[in-house]
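S.K.:
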Amino acid sequence: VQVGYAIDPRFLIYAGADLGRLGAAAEDPTNHWSFTMLEVGGRASFPRARSKVTPYVTASIGTRAVKATMADFGTVKMNGMALSGGGGIIYQVAPAVAVNAAALLSVGKYSHYEDPEVTGSPDLNSTRSARLQFGLDWRP
45 VQVGYAIDPR FLIYAGADLG RLGAAAEDPT NHWSFTMLEV GGRASFPRAR
95 SKVTPYVTAS IGTRAVKATM ADFGTVKMNG MALSGGGGII YQVAPAVAVN
145 AAALLSVGKY SHYEDPEVTG SPDLNSTRSA RLQFGLDWRP
């Protein structure tokens with residue numbers, strides 16, 4: 045989900061949330077992994093005259109968290125800051141509605157770790173993650 049404000053037809057600022065969940069074992073529904081990313085960013089579009097397709101680039105800063113719940117161990121949590129960047133395209137299907145597709149790369153470091161036995165700020169390596177986004181833009 046993203047909520048944004050168009051400064052003009054080329055520039056947009058936004059706040060976004062990506063949420064994901066993956067079951068770890070079918071025989072035990074309490075086992076699962078989840079991923080959360082909250083971010084604020086900006087987008088620069090490159091509209092072309094009389095074209096329904098508009099490419100754009102985007103950049104953001106935010107926080108991300110990974111949580112794993114396992115019946116035989118407990119809950120493991122990691123969170124930290126991330127910078128993201130990427131690009132996408134918008135395809136206008138109606139005056140106020142467009143299809144939006146983007147590819148993003150995030151880099152950052154998990155600065156907090158917690159499990160049933162350990163809590164703290166370990167020296168973890170930097171991480172990278174890739175995201176593909178697909179959705180609808182609505183501009184009232």
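Numbering (my numbering), first residue to last: 45 to 184. Heads up, the beta-carbon is just placed ideally off N, CA and C, and yes, glycines get one too. None of the values given here were measured: they were computed from a predicted structure.
1) Note down, in chain order, each residue of its chain lying with its Cβ closer than 6 Å to the Cβ of Arg175, except the 5 sequence neighbours on either side.
2) Answer with buried or exposed for Arg172, where buried requires no fewer than 16 other C-beta atoms within 10 angstroms of its C-beta.
3) Is the number of C-beta pairs between the stretch 53-64 and the stretch 87-99 that are closer than 8 Å three or more?
4) Could you pull out every residue in the same chain whose Cβ sits closer than 6 Å to the Cβ of Asp62, ignoring the five residues on either side in sequence?
5) Who are the near neighbours of Val101 in its chain, counting only those whose CB is closer than 6 Å to its CB and skipping five residues on each side?
6) Where does Arg94 fall in DSSP's three states?
7) Would a check of beta-carbon distances place Gly164 closer than 9 Å to chain C?
8) Answer yes or no: do Ala112 and Ser150 have a C-beta to C-beta separation smaller than 9 Å?
9) Where does Arg65 sit, in a helix, a strand or coil, going by DSSP?
M.R.: So, to answer that:
1) Leu148
2) exposed
3) Between the stretch 53-64 and the stretch 87-99, the count of Cβ pairs shorter than 8 Å is three or higher; the stretches touch.
4) The residues are Met81.
5) Ala88, Gly131
6) It is coil, neither helix nor strand.
7) Looking for chain C here will not work: only one protein chain is present.
8) Cβ atoms of Ala112 and Ser150: not closer than 9 Å.
9) strand
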